[in-house]
Each structure stands twice: as C-alpha cells, then as structure tokens.
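Asker: This is the structure I want to talk about, given as structure tokens.
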Amino acid sequence: MSPDTPGPLDLPGPPDPPSHLVPTPGQLAWQKAGFGLFLHFGINTFNGAEWSDGTLDPATFHPTELDAGQWARTAVEAGAKYVVLTAKHHDGFCLWPSDTTGYSVAASPWKDGKGDVVAELAEACGEAGLGLGLYLSPWDRNAACYADPAAYDAFYVRQLTELCTRYGPLCELWFDGAGSEGRAYDWEAVMEVIDRHQPDAMVFNMGRPTIRWIGNEEGLAADPCHYVTDSTGISVYDDGLTPLGPPRYLPPECDVPIRDGWFWQPGDQDRLKSREELLDIWYASVGLGAGLLLNVPPDRRGLIDAADRARLLSFTHELARRTGTPRPAVLALDGPDVIATFDRPVRADHIDLREDLTRGQRVRAHEVWADGRLVARGGTVGVRRVHRVEPSVFRQLRIRLTGSGSRLESVSASGP
1036 MSPDTPGPLD
1046 LPGPPDPPSH
1056 LVPTPGQLAW
1066 QKAGFGLFLH
1076 FGINTFNGAE
1086 WSDGTLDPAT
1096 FHPTELDAGQ
1106 WARTAVEAGA
1116 KYVVLTAKHH
1126 DGFCLWPSDT
1136 TGYSVAASPW
1146 KDGKGDVVAE
1156 LAEACGEAGL
1166 GLGLYLSPWD
1176 RNAACYADPA
1186 AYDAFYVRQL
1196 TELCTRYGPL
1206 CELWFDGAGS
1216 EGRAYDWEAV
1226 MEVIDRHQPD
1236 AMVFNMGRPT
1246 IRWIGNEEGL
1256 AADPCHYVTD
1266 STGISVYDDG
1276 LTPLGPPRYL
1286 PPECDVPIRD
1296 GWFWQPGDQD
1306 RLKSREELLD
1316 IWYASVGLGA
1326 GLLLNVPPDR
1336 RGLIDAADRA
1346 RLLSFTHELA
1356 RRTGTPRPAV
1366 LALDGPDVIA
1376 TFDRPVRADH
1386 IDLREDLTRG
1396 QRVRAHEVWA
1406 DGRLVARGGT
1416 VGVRRVHRVE
1426 PSVFRQLRIR
1436 LTGSGSRLES
1446 VSASGP
C-alpha cells in the first residue's frame, strides 16, 4: 500500500453533507481547472520589500522589459489554466491608472505614466486562452481615507468597479484578509459590484465567497478535504463529528510561493523550492482534491525570472511525464463497489479517481483493490484524488466507497 494514502476505511467520519449543497457550474469548472499561477508584482518588487507601508516613491516602479505575454506563455506551458495578479497589495499601489488615487502606475516613469499592467495582462490572457484573476487588497496603507470606514468603503468599491468594468471577464477576485483584523468592510456593496459586472468570477475567502483559503501558505491540503464548510478556511466538521454552523459548498485553494517570499527579490534564487518539493506540494493539493495557486513573481525587468521559469517547467514537465498519459477505465457497479476495467492490462504507479460532484461531495472514505490486494486507501475523493502506488500490472480495480450516494465520474491509471 502506498505510504501517502493513510486512514482505515472504518474510522469514524463526518456525517453526509446536506443533499442540497452542490457546486454551481462555475465552482465546478473552477475546481476542474485545478492549477493557476499567482503573480505578485508591484512597488515592493523594486524596493526589497514583502510588505510596505504606502510611502514608497512611485518613481521606483520602473520595469524595463515588462512583457505580460511572457507571463501568459509561461503559465500555458506549465499547464496552468488561470493567473491571479496583485492589482493592489497592502501598500495601496495600483497597477492600473486608477481614478481614485495618485498612488499608481500613472505616477511612475514606466511608459511615461501611461502604462497599465492589468490591461496588458488581460490582453495577454485573452490571446493565450487563460483565465484572469485579480487580487485587490482590502487593507490599504496609502489611502488617507482608510481611517474613515464609510469613506474608504466607497473608495474601495470605486476601485473594484474599475477592475470589474475595464478589463473583460474575470475568473477570480482574490480578497486577502491580512491586516484587516477587527475591521468590518461593506461586503454587501462589494458583492453588488461583483454580481452586476462579474457574476461568473469566483470570490476568494471574503465577502460572499465561492471558494476558500486552505488555511496555510505552504500549499497543503489534508485528507479528508471537505468542500462543505461553515464559512472560510474551517471545515464544518472540526472533529469529524460535530457540526459548527450553517454549511456552504466552498472548495479550497492552496496558495504557495515558488521561493520563500511572495515578491521577487535579488539574491534569493537559492531559496527556490526544488522540483521534488513542488511535486510534493502538487500531490498534497491537487492530488487531494484542492486547487493549487503557485506564486511565480515577475522580476524588476517585468519578466518571469529565468531560474523560476526553469524550475516551474521542470516540475510541471515531470508531473506530465508521470500523469500526463492516463489510461481511462470503464466503470460498472458491483453492489456497493465500483469496478474499473481497462481495455488491456496496464502497468501503473498512479491511480486517479474523480468523484461525480453534481450531487455534492459524497465520498467519505475509499479503498482501491487490485487482484485482491489493497493498493490505496484514503478519505475524500472530490474533484480529483491521485494515489501514488507501487508499480504493478492490473486489468481491473475494485473501488469501495463509503458515503451515501457516492458515485465516481472517472478512474484512470498512468505510469512507467
């Protein structure tokens, strides 16, 4: 049995989720996309900072070779389906020429103050067939009106409206709660903007969210990986048995930087995660049924650093080698079990299970048997569950599911 598939099938698990809690078509499409790139870029990039206080000189923002097309091409080559750009981080510096503030690219020497990073990336994503997501920090350390909640709420809604109306369809709006502890924003007004202008965008973690944070910045989900939660970041079943509050269907996204920090900085190339570390993160996020948002930050030229790009592609090319040519099985029921039959014997070291989520997440636990041998077991399946198993040859798998109404959408195998 694979060492990364723990948990006996008969352990106590959570009760079945309410039957009405099913994903919207947009949530399910986002879950199936599975992998995106985070692009932390801004005035911090040029000042050796992770967080800054809103006082850095906008004249320091001066990329010399900015090429959003290179960002998009890198994402496509890596197999990402969308990107999320930090349009405004906590420092308040806007990567588009906002009418709300002077603290933006319009005050920088880049393109003589006539540049618009968001517009360039939107165009590049459109050409590449990528989804575009935007991060708009609620916390703003530059805006003088931040101390006045009502005034800042109006200011923030105007910024969000600009982003939601100027750049075409958005696949995700990312609201970071950092720095906002104890602060109540007018989320109803925020959601009115989204409902009116970008109703198909996934909303990350705040407001009226449709997806949630996994709860760490290491890119790691856990088994079980529940999609039904009481709000954001916390499972509705904290101990596997006790409901915490009104549940919602909120699938998780795992964010993690390819380096130690989020913004590119000179001299930290040795802190790039190794290919094996990135593979382990993928198995512990996408492989457990969560989404993965991997931060690959542009450098001071406005390009993805060659070392970062090489490491990213080394990771994704190896992943494709391992899992990129799956052999699908034909599924049939045998009592409570699913029988997955391949057209001929396959030699595999990866087994890929996908749950039919159209009726909600139902699988609480599962076992995979080949030729009378238990080869994998675990908790939830969700949108995708990838088991690494000892290389072996089999023609048929028997998959035992626990959970009322459990149903698989597909089973495939891949390997050497």
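Numbering of the sequence shown is given in this note's numbering, commencing with residue 1036 and proceeding in unit increments.
No residue lacks a Cβ here, since even glycine has one placed at the ideal position from N, Cα and C.
Going by C-alpha to C-alpha distance, which of Trp1317, Glu1425, His1124 and Arg1389 sits closest to Val1410?
Answerer: Numbered from its first residue, the sequence shown carries residue 1410 at position 375. Nearest C-alpha to Val1410: Glu1425.
Asker: Are the Cβ atoms of Gly1217 and Asp1175 separated by less than 9 Å?
Answerer: Counted from its first residue, the sequence shown places residue 1217 at position 182. Counted from its first residue, the sequence shown places residue 1175 at position 140. No.
Asker: Would Arg1430 pass as a contact of Arg1394 if the rule is Cβ separation under 9 Å?
Answerer: Stepping through the sequence shown from its first residue, residue 1430 is reached at position 395. Stepping through the sequence shown from its first residue, residue 1394 is reached at position 359. Cβ distance not < 9 Å, so Arg1430 and Arg1394 don't count as in contact.
Asker: Output needed for Gly1212: all residues of its chain with C-beta closer than 7 Å, excluding positions within five of it in sequence on either side, in chain order.
Answerer: Stepping through the sequence shown from its first residue, residue 1212 is reached at position 177. Within the same chain, Gly1212 has close Cβ partners Asn1240 and Met1241.
Asker: Below 8 Å on the Cβ atoms is my contact criterion, and I expect Thr1135 with Phe1190 to pass it. Report the Cβ-Cβ distance as a whole number of Å.
Answerer: Start at 1 with the first residue of the sequence shown, and residue 1135 comes out as number 100. Start at 1 with the first residue of the sequence shown, and residue 1190 comes out as number 155. That belief holds up - the Cβ atoms of Thr1135 and Phe1190 are roughly 6 Å apart, short of 8 Å.
Asker: What would DSSP say about Phe1429, mapped onto helix, strand or coil?
Answerer: Looking up residue 1429 in the sequence shown gives position 394. Phe1429: strand per DSSP, three-state reduction.
Asker: Is it the case that the Cβ atoms of Ala1256 and Leu1323 are separated by a distance below 9 Å?
Answerer: As a working mapping, residue 1256 is identified with position 221 in the sequence shown. As a working mapping, residue 1323 is identified with position 288 in the sequence shown. Yes, Cβ-Cβ distance for Ala1256 and Leu1323 is below 9 Å.
Asker: Classify Val1152: buried if its beta carbon has 16 or more other beta carbons within 10 angstroms, exposed otherwise.
Answerer: One-based indexing of the sequence shown puts residue 1152 at position 117. Val1152 should be labelled buried.
Asker: Helix, strand or coil for Met1241, going by three-state DSSP, please let me know.
Answerer: As a first step, residue 1241 must be located in the sequence shown, where it is residue number 206. Note: Met1241 maps to coil in three-state DSSP.
Asker: Quick check: what's the CA-CA separation for Lys1149 versus Pro1204?
Answerer: On the sequence shown, residue 1149 is found 114 positions in, with the first residue counted as 1. On the sequence shown, residue 1204 is found 169 positions in, with the first residue counted as 1. One C-alpha to the other measures close to 23 Å.
Asker: Reducing DSSP to helix, strand and coil, say where Ile1078 ends up.
Answerer: Position 43 of the sequence shown, counting from 1, holds the residue named residue 1078. Ile1078: helix per DSSP, three-state reduction.
Asker: Helix or strand or just coil, what does DSSP make of Gly1071?
Answerer: Here the question's residue 1071 lines up with position 36 in the sequence shown. Strand.
Asker: Which residue or residues does DSSP assign as beta-bridge partners of Cys1289?
Answerer: Locating residue 1289 in the sequence shown gives position 254, where the first residue counts as 1. According to DSSP, which records beta bridges pairwise, Cys1289 is partnered with Leu1327.
Asker: Sorted by chain position, which residues of the same chain lie with C-beta nearer than 8 Å to Ile1246's C-beta, five sequence neighbours on each side aside?
Answerer: As a first step, residue 1246 is located in the sequence shown; it is residue number 211 there, counting from the start. Answer for Ile1246: Gln1062, Trp1065, Glu1207, Met1237, Val1238, Phe1239, Asn1240, Leu1285, Pro1286, Pro1287, Glu1288 and Gly1326, listed in chain order.
Asker: Should the region 1327-1340 be called in touch with the region 1095-1112, which here means at least 3 C-beta pairs below 8 Å?
Answerer: Yes, the region 1327-1340 is in contact with the region 1095-1112.
Asker: By DSSP, does Arg1344 sit in helix, in strand, or in coil?
Answerer: In the sequence shown, residue 1344 corresponds to position 309, counting from 1. Here Arg1344 sits in helix by DSSP.
Asker: Classify Thr1090: buried if its beta carbon has 16 or more other beta carbons within 10 angstroms, exposed otherwise.
Answerer: In the sequence shown, counting from the first residue as 1, residue 1090 sits at position 55. It counts as exposed.
Asker: The alpha helix (DSSP H) spanning Thr1318 covers which residue range?
Answerer: Translated into the one-based positions of the sequence shown, residue 1318 becomes position 283. Looking at the sequence provided, one finds Tyr at residue 1318 rather than Thr. From DSSP, the alpha helix (DSSP H) with Tyr1318 extends over Arg1310 to Tyr1318.
Asker: If the criterion is Cβ atoms closer than 9 Å, does the pair Phe1081 and Ala1115 meet it?
Answerer: In the sequence shown, residue 1081 corresponds to position 46, counting from 1. In the sequence shown, residue 1115 corresponds to position 80, counting from 1. The answer is no: Cβ separation not under 9 Å.
Asker: Counting only runs that start and end within the region 1379-1450, where is the beta strand (DSSP E) found for 3 or more residues in a row?
Answerer: Fully enclosed beta strand (DSSP E) runs of 3 or longer: 1400-1405, 1408-1413, 1420-1437 and 1443-1449.
Asker: Let's test the definition: count the other Cβ atoms within 10 Å of the Cβ of Thr1376 and tell me whether it reaches 16, buried, or not, exposed.
Answerer: Counting from one through the sequence shown, the residue named residue 1376 turns up at place 341. Thr1376 is exposed by the Cβ-count criterion.
Asker: Going by alpha carbons, who is nearest to Leu1328 out of Glu1158, Tyr1170 and Pro1234?
Answerer: Within the sequence shown, residue 1328 is the residue found at index 293, counting from 1. Selected option, being the one with the closest Cα: Tyr1170.
Asker: Let me know if Val1365 comes out buried or exposed under the rule of 16 or more other beta-carbons within 10 Å of its beta-carbon.
Answerer: Within the sequence shown, residue 1365 is the residue found at index 330, counting from 1. Exposed, because fewer than 16 other Cβ atoms sit within 10 Å of the Cβ of Val1365.
Asker: Let me confirm a value: Leu1156 is counted as buried when at least 16 other C-beta atoms fall within 10 Å, else exposed. Which label applies?
Answerer: As a first step, residue 1156 is located in the sequence shown; it is residue number 121 there, counting from the start. Buried.
Asker: Go ahead and label Leu1483 buried or exposed: buried means 16 or more other beta carbons lie within 10 angstroms of its beta carbon, across all protein chains shown.
Answerer: Residue 1483 lies beyond the stretch modelled for the chain, which goes from 1036 to 1451, so this question has no answer here.
Asker: Using the Cα positions of Ala1319 and Asn1251, report the straight-line distance between them to the nearest angstrom.
Answerer: Here residue 1319 refers to the residue found at position 284 when the sequence shown is read from its first residue. Here residue 1251 refers to the residue found at position 216 when the sequence shown is read from its first residue. So the two alpha carbons sit approximately 12 Å from each other.
Asker: If I'm right that Trp1209 touches Val1321 with Cβ under 8 Å, what's the distance once you round it to whole angstroms?
Answerer: In the sequence shown, residue 1209 corresponds to position 174, counting from 1. In the sequence shown, residue 1321 corresponds to position 286, counting from 1. Their Cβ separation, rounded to whole angstroms, is 18 Å, which puts Trp1209 and Val1321 out of contact at 8 Å.
Asker: If you measure between the beta carbons of Pro1361 and Ala1448, is that distance less than 9 Å?
Answerer: Numbered from its first residue, the sequence shown carries residue 1361 at position 326. Numbered from its first residue, the sequence shown carries residue 1448 at position 413. Yes, Cβ-Cβ distance for Pro1361 and Ala1448 is below 9 Å.
Asker: Could you pull out every residue in the same chain whose Cβ sits closer than 7 Å to the Cβ of Gly1214, ignoring the five residues on either side in sequence?
Answerer: As a working mapping, residue 1214 is identified with position 179 in the sequence shown. Same-chain partners within the cutoff: His1125 and Trp1174.
Asker: Taking Cβ positions, are Ser1133 and Glu1197 nearer each other than 9 Å?
Answerer: The count along the sequence shown starts at 1 and reaches residue 1133 at position 98. The count along the sequence shown starts at 1 and reaches residue 1197 at position 162. Yes, they are a contact pair.
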